[in-house]
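Visitor:
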Amino acid sequence: MGHGPSKSPFANHLSAQRNLGKYAHCEGAVTTLQRILDMMPRKQLSTSIFSRTLRDILSSPTWFNYERDQMSEEECYQQIGEEFNILSEEVQRAFDQARESLAVLRTKPADWSIFDQVFTSGSAGVRKPNFGFYRHVLASIGVDPRQTIFIDDKRENMLSTCSLGFHGIVFDSLEPVKRALRNLTGDPPARGQAFLHESAGNLVSVTENSDNHEALLILEATGDANLVNLVEHPRAWNFFHGETAIPTSYQDKGQLTTEEVPFDLDTTSLGLTVMKRGKIVANSVMNVMCVNALTLFYTHSGGSESSRTPQWYHIVLLNRAYLDGTRYYQTTKCFLFFLSRLFASSEDRELHALLKPLLRERIQERIGAEGDSIALAMLILDFVGLRDEIDFRSLLPLQCEDGGWEIGWIYKYGSSGLRIGNRGLTTALALSALRAMKHLKTAATSNSPNLRS
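Per the numbering used here, the very first residue in the sequence shown carries number 3; after that it's consecutive.
1) Could you compute how far the alpha carbon of Tyr315 sits from the alpha carbon of Tyr324?
2) Under three-state DSSP, which class holds Ile376?
3) For the stretch 307–345, which segments carrying the alpha helix (DSSP H) assignment without a break, of at least 4 residues, lie completely within its bounds, in sequence order?
4) Using only the alpha-carbon positions, how far apart do His138 and Ala112 sit?
5) Taking DSSP as the reference, what is the three-state secondary structure of Thr411?
6) Report the three-state DSSP secondary structure of Gly134 (helix, strand or coil).
7) I'd like the ranges of any beta strand (DSSP E) spanning at least 3 consecutive residues and lying wholly in the stretch 132–213.
8) Could you give the DSSP three-state label for Phe121: helix, strand or coil?
9) With the cut-off set at 8 Å, would you say Gly167 and Pro147 are in Cβ contact?
10) Among all the DSSP beta bridges, which residues are the ones paired with Thr64?
11) In three-state terms, what does DSSP make of Val93?
12) State the Cα-Cα distance for the pair Ile392 and Leu60, rounded to the nearest angstrom.
13) In this structure, how does DSSP classify Gln401 when only helix, strand and coil are distinguished?
14) Is Gln81 near the ligand NAD - that is, is its Cβ less than 7 Å away from at least one heavy atom of it?
15) Beta strand (DSSP E) containing Ala31: first to last residue?
16) Could you say if the stretch 171–179 and the stretch 383–398 meet the contact criterion of at least three C-beta pairs nearer than 8 Å?
17) What residue range is occupied by the uninterrupted alpha helix (DSSP H) comprising Gly406?
18) Please determine, among Gln195, Glu200, Thr270 and Lys414, the residue with the shortest C-alpha to C-alpha distance to Leu232.
19) Could you pull the start and end residues of the beta strand (DSSP E) that Leu420 belongs to?
20) Could you work out which residue in Gln366, Leu353 and Gln313 is closest to Lys335 when comparing CA atoms only?
21) Can you tell me whether Lys141 is buried or exposed? The criterion is at least 16 other CB atoms within 10 Å of its CB, across all chains shown.
22) Assuming Asp155 contacts Thr297 under a Cβ cut-off of 8 Å, what Cβ separation, rounded to an integer in Å, is found between them?
23) Just how far apart, CA to CA, sit Ile171 and Ala430?
24) Quick one: Cα of Gly426 to Cα of Ser165, how far?
25) Report back the beta-carbon spacing between Leu338 and Arg368 to the nearest angstrom; my notes put them in contact at under 8 Å.
26) In chain order, what residues of the same chain have a beta carbon less than 7 Å from the beta carbon of Asp404, not counting five sequence neighbours either side?
27) Is it buried or exposed for Ile382, if we count other Cβ within 10 angstroms and need 16 for buried?
28) Flag Glu372 as yes if its beta-carbon sits less than 8 Å from any beta-carbon of chain B, otherwise no.
29) Do you know how far the Cα of Glu85 is from the Cα of Thr49?
30) Could you give the DSSP three-state label for Trp239: helix, strand or coil?
31) Counting along the chain, where does the alpha helix (DSSP H) carrying Glu76 start and finish?
Structure representation (structure tokens):
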């Protein structure tokens, strides 16, 4: 370690931690010191050097050479004084004060022993974001960059590290970084499952006190009836659990009133499908052009009573009439999810031949499109065999510290536009998406010609 950078309060420092414990997919973490591990407020330096000038000094070629240990501290201050027309003694006083403000870190109750090594630009002879610096770190700690996390507060440093294979985390504030670290080092399925079980019986939608609609979807995704509260009905089903607050009319948008809500076809179709009611009950429900109703008919009677409905959905897919969502469903991906869900309930060859190829094309078109947690999970769970790595990588970081996923908006209440979402449903679908991706990856590996005997 050179004498100049070792004394510099603003030199490039990286700390490396190996063996993050039991998590086999993450071998270590590398982080910068300044503004991440050191987040203490600083006193204003009592110097005649303006803060803007100080920033210019820290970005000057002379300072870079000093950081790389190519000149002494005295030589650096002398040359900077000449370049910026400042007395070298004043430059030294400014950096002495900055160094003193950092010294207090040693008195804080921080466990620095978790870091195995500290790297400076001087010891490496090269500074961030040069590739040589990060290669020096990797060679020293002996880890695979693809199994290593890199944390830095500067986005420009991410390009170099991520191109080497690091998992990059940009430090903006503490909470997002804590969440990202937990998601990279933890077990997403186990944490998500723990969230569902810890919240069992309390997985309610945020807009209303409770509802059957999203509880049924949670039950279908998890197969665990202990997670949800359902108000069961022998035939028709109600979206809500009885009396609830609903918008009274379009004119009263945003105004809620408590009244009994009538049964609805959508929840009835879900209820009879998920709860596997008998054919006599299912066939007594009137035939309406609704995807969930169509799924119900194909589940119980092969869809013979609704032969025109698939033709209509083919036209909807062909003309992309679903792109703006629907009156009751929030996003484009809701329609694609519920339509693809139809294939899981039926082996009808004509139905598959008519809709599946076009549905596959339309789902491919939406991969990578913007969406919240539930929209991403729905697209991954397409039931048409697509391996959606792009949305999968977007879904994983959205897992919260408590193990559940962020709320996703699936339903809206008619003309009022009142949105309804449920973290339990989002988490259940996210876990199903993780399982689906694992299954597709396993299938792809087993079918690889290189692995066949």
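For glycine and all other residues, C-beta sits at the position ideal for the given N, C-alpha and C.
From a predicted model like this one, the values you see are computed outputs, not experimental measurements.
Guide: This is what the structure holds:
1) As a working note, residue 315 is residue 313 in the sequence shown. As a working note, residue 324 is residue 322 in the sequence shown. Rounded to whole angstroms, the gap between the alpha carbons of Tyr315 and Tyr324 is 10 Å.
2) Residue 376 sits at position 374 when you count from the first residue of the sequence shown. DSSP places Ile376 in helix when its eight states are reduced to three.
3) 310–320
4) Taking the sequence shown and counting its residues from 1, the one referred to as residue 138 is at position 136. Taking the sequence shown and counting its residues from 1, the one referred to as residue 112 is at position 110. One C-alpha to the other measures close to 26 Å.
5) Within the sequence shown, residue 411 is the residue found at index 409, counting from 1. The identity of residue 411 in the sequence shown is Trp, whereas the question assumes Thr. In the three-state reduction of the DSSP assignment, Trp411 falls in the strand class, which pools E and B.
6) Looking up residue 134 in the sequence shown gives position 132. Gly134 falls in the helix class under three-state DSSP.
7) Scanning the stretch 132–213 for uninterrupted beta strand (DSSP E) segments of 3 residues or longer gives 150–154 and 169–172, listed from N- to C-terminal end.
8) Counted from its first residue, the sequence shown places residue 121 at position 119. Of the three classes helix, strand and coil, the one that applies to Phe121 here is strand, per DSSP.
9) Position 165 of the sequence shown, counted from the start, is the residue given in the question as residue 167. Position 145 of the sequence shown, counted from the start, is the residue given in the question as residue 147. Cβ distance < 8 Å, so Gly167 and Pro147 count as in contact.
10) Start at 1 with the first residue of the sequence shown, and residue 64 comes out as number 62. Thr64 pairs with nothing; no bridge assigned.
11) On the sequence shown, position 91 is the one that residue 93 refers to. Three-state DSSP puts Val93 in a helix.
12) By one-based count along the sequence shown, residue 392 stands at place 390. By one-based count along the sequence shown, residue 60 stands at place 58. Cα atoms of Ile392 and Leu60: separation of roughly 39 Å, rounded to the nearest angstrom.
13) Start at 1 with the first residue of the sequence shown, and residue 401 comes out as number 399. In this structure, Gln401 counts as strand in the three-state DSSP scheme.
14) In the structure on display, the ligand NAD does not appear, and there are no ligands present to speak of.
15) Taking the first residue of the sequence shown as position 1, residue 31 is located at position 29. Segment Gly30 to Thr34, the beta strand (DSSP E) holding Ala31.
16) no
17) On the sequence shown, position 404 is the one that residue 406 refers to. Element bounds for Gly406: n/a, residue is neither H nor E.
18) To locate residue 232, count along the sequence shown from 1; it is residue 230. Nearest C-alpha to Leu232: Thr270.
19) By 1-based counting over the sequence shown, the position of residue 420 is 418. Counting along the chain, the beta strand (DSSP E) containing Leu420 begins and ends at Leu420 to Gly423.
20) Numbered from its first residue, the sequence shown carries residue 335 at position 333. In terms of CA proximity to Lys335, Gln366 leads the group Gln366, Leu353 and Gln313.
21) Within the sequence shown, residue 141 is the residue found at index 139, counting from 1. The question names Lys, but residue 141 is Ala in the sequence shown. Exposed is the call here.
22) Reading the sequence shown from its first residue, position 153 is the one you call residue 155. Reading the sequence shown from its first residue, position 295 is the one you call residue 297. Contact flag wrong, Cβ pair sits at about 49 Å.
23) Indexing the sequence shown from 1 puts residue 171 at position 169. Indexing the sequence shown from 1 puts residue 430 at position 428. Each residue's alpha carbon lies about 26 Å from the other.
24) Position 424 of the sequence shown holds residue 426. Position 163 of the sequence shown holds residue 165. Rounded to the nearest angstrom, the two C-alpha atoms are 36 Å apart.
25) For this step, residue 338 is matched to residue 336 along the sequence shown. For this step, residue 368 is matched to residue 366 along the sequence shown. Yes, Leu338 and Arg368 are in contact; Cβ-Cβ is about 7 Å, under 8 Å.
26) As a first step, residue 404 must be located in the sequence shown, where it is residue number 402. Hits under 7 Å: Phe197.
27) Taking the sequence shown and counting its residues from 1, the one referred to as residue 382 is at position 380. Its Cβ being crowded by 16 or more others within 10 Å, Ile382 is buried.
28) Within the model displayed, chain B is absent; a lone protein chain is all it includes.
29) The residue you call residue 49 lines up with position 47 of the sequence shown. The residue you call residue 85 lines up with position 83 of the sequence shown. Thr49 and Glu85: Cα-Cα distance of roughly 18 Å.
30) On the sequence shown, residue 239 is found 237 positions in, with the first residue counted as 1. Reduced to three states, the DSSP call for Trp239 is coil.
31) In the sequence shown, residue 76 corresponds to position 74, counting from 1. From DSSP, the alpha helix (DSSP H) with Glu76 extends over Glu75 to Phe86.
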